[in-house]
Amino acid sequence: MILDSTAARDDLLTRLESEFDREMFDMAVANIRLRVDPETWEAFRLTAIDGLSGAEAAVRIGMKVSAVYVNRGRVQKMLQDEVQRMDGPPDAGDES
Numbered sequence: 001m002i003l004d005s006t007a008a009r010d011d012l013l014t015r016l017e018s019e020f021d022r023e024m025f026d027m028a029v030a031n032i033r034l035r036v037d038p039e040t041w042e043a044f045r046l047t048a049i050d051g052l053s054g055a056e057a058a059v060r061i062g063m064k065v066s067a068v069y070v071n072r073g074r075v076q077k078m079l080q081d082e083v084q085r086m087d088g089p090p091d092a093g094d095e096s
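In this text, residue positions in the sequence shown follow full-length UniProt numbering: the first is 1, and each later residue adds one.
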């Protein structure tokens, strides 16, 4: 069987964890995108995802370069908080 070796099992576990992390990130992105202005999201997307410079993103969306970086940082922090919230222990009020 393909999962007979320890290396194969470890590889499968690593792949499953990566897929789970990706799905969690995608859910966090969907949640945060609904909570920010379209221009704020666009500043994040263009710089963090598409790899444009702050100046290039600023020209595209008609925003100051400094505002692009502020908005990117804001969205990144929101995403980090959302992933931690989703991955963290349940709130004490949720326990039965």
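Ideal Cβ placement from N, Cα and C applies to all residues, glycine included.
Element boundaries [alpha helix (DSSP H), containing residue i]
i     : result
Thr6  : Thr6 to Arg35
Leu79 : Val65 to Asp87
Arg60 : Gly54 to Ile61
Thr40 : Pro38 to Phe44
Short Cβ contact (8 Å threshold) for residue i with residue j
i     : j     : result
Val83 : Ala28 : yes
Gly63 : Glu39 : The sequence given here places Met at residue 63; Gly does not occur at that position. Taking 8 Å as the Cβ cut-off, Met63 and Glu39 qualify as a contacting pair.
Arg72 : Ala48 : yes
Val68 : Ala58 : yes
Same chain only: Cβ atoms within 7 Å of residue i, ignoring 5 sequence neighbours per side
i     : result
Ala92 : Since pLDDT at Ala92 reaches only 49, below the 50 mark, its modelled position is unreliable, and no value is offered.
Leu52 : Leu46
Other residues of its chain near residue i: CB distance less than 6 Å, five sequence neighbours each side excluded
i     : result
Arg33 : Trp41
Subject >> Touching by the beta-carbon criterion (3+ pairs, under 8 Å), the segment 72 to 84 and the segment 29 to 44 >> reply: yes
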